[in-house]
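Report on the following structure.
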Amino acid sequence: MLARDSKIHDLTDRIGLPLVLVVSAANLHDSHALEPLVQGIPKIRSRRGPRRRKPAKLHADKAYDIPDCHRTLRERRIGDRIACRGIKSSTRLGRDRWVIERTIAWLGGYRRLTLQYERHGHLFAAFLALVTAITCYQNSPTETRS
Numbered sequence: 001m002l003a004r005d006s007k008i009h010d011l012t013d014r015i016g017l018p019l020v021l022v023v024s025a026a027n028l029h030d031s032h033a034l035e036p037l038v039q040g041i042p043k044i045r046s047r048r049g050p051r052r053r054k055p056a057k058l059h060a061d062k063a064y065d066i067p068d069c070h071r072t073l074r075e076r077r078i079g080d081r082i083a084c085r086g087i088k089s090s091t092r093l094g095r096d097r098w099v100i101e102r103t104i105a106w107l108g109g110y111r112r113l114t115l116q117y118e119r120h121g122h123l124f125a126a127f128l129a130l131v132t133a134i135t136c137y138q139n140s141p142t143e144t145r146s
């Protein structure tokens with residue numbers, strides 16, 4: 001969570017570039033943001049064949065371990081790697097968790113998002129989109145830049 005009154009949910013690729021960002025109120029449960037995140041997945045370039053619309057699997061933390069989230073992913077035929085509630089340590093999932101934490105740190109490096117000055121959510125979302133574009137450009141592999 002970067003701002004005081006809002007929460008940022010992000011879906012990233014394997015190297016940590018943000019693909020989909022959703023802003024929600026800070027008092028909502030994280031699982032409510034899974035549906036907009038999954039619906040916003042862009043088409044993924046494939047080396048062979050047409051562009052894919054879905055990832056092979058999705059990693060998530062314990063907040064998404066509810067039947068509705070599992071059902072949403074199963075309906076779209078997306079594999080899930082969600083940490084189970086009730087288990088104290090999820091060290092195996094931590095191997096992939098650092099990518100999300102690094103992405104949040106990239107976004108948190110901008111003061112405009114860390115301290116929320118805007119009263120309207122659409123203004124905060126616009127600054128978030130701008131910061132996301134800058135972050136993707138700065139951290140993308142050099143062979144994709146033109």
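With the first letter of the sequence shown counted as 1, position 78 gets the number 78 in UniProt numbering; the numbers rise by one all the way through. Using N, Cα and C, we set each Cβ at its ideal position, and we do this for glycine too.
Among the options, which has the Cα closest to the Cα of residue i?
{"i": "Glu35", "options": "Arg45, His9, Gly109", "result": "His9"}
{"i": "Asp61", "options": "Arg111, His120, Arg97, Arg45", "result": "Arg97"}
{"i": "His29", "options": "Arg111, Ile82, Ile134, Ile66", "result": "Ile66"}
{"i": "Gly40", "options": "Arg76, Leu19, His120", "result": "Leu19"}
{"i": "Ile80", "options": "Glu101, Ala105, Lys54", "result": "A small correction: the amino acid at residue 80 is Asp; Ile does not occupy that position in the sequence shown. With distances taken between Cα atoms, Asp80 lies closest to Lys54."}
{"i": "Leu107", "options": "Leu130, Asp68, His120", "result": "Leu130"}
Enumerate in chain order the residues of its own chain whose CB-to-CB distance from residue i is below 7 Å, with the five nearest sequence positions on each side excluded.
{"i": "Ala33", "result": "His9, Val22, Ser24"}
{"i": "Lys72", "result": "Lys is not the amino acid found at residue 72; the sequence shown has Thr there. The residues are Leu34, Glu35, Val38."}
Applying the 10 Å Cβ sphere with the 16-neighbour rule, what's the burial state of residue i?
{"i": "Ser140", "result": "exposed"}
{"i": "Gly16", "result": "buried"}
{"i": "Cys84", "result": "exposed"}
{"i": "Tyr123", "result": "Going by the sequence as given, residue 123 is Leu instead of Tyr. It is exposed - the Cβ of Leu123 has fewer than 16 other Cβ atoms within 10 Å."}
Looking only at its own chain, which residues have a Cβ that is under 6 Å from the Cβ of residue i, when we skip the five neighbours before and after it?
{"i": "His59", "result": "Arg81, Asp96"}
Identify, in the order they occur along the chain, each residue of the same chain with its Cβ nearer than 8 Å to the Cβ of residue i, setting aside the five sequence neighbours on each side.
{"i": "Cys136", "result": "Leu17, Pro18"}
{"i": "Ala63", "result": "His29, Asp30, Ser31"}
For this session: Quick one: which unbroken beta strand (DSSP E) runs of 3-plus residues sit fully inside the segment 4-90? Chain order, please.
Result: 6-12, 18-25, 57-60, 79-82
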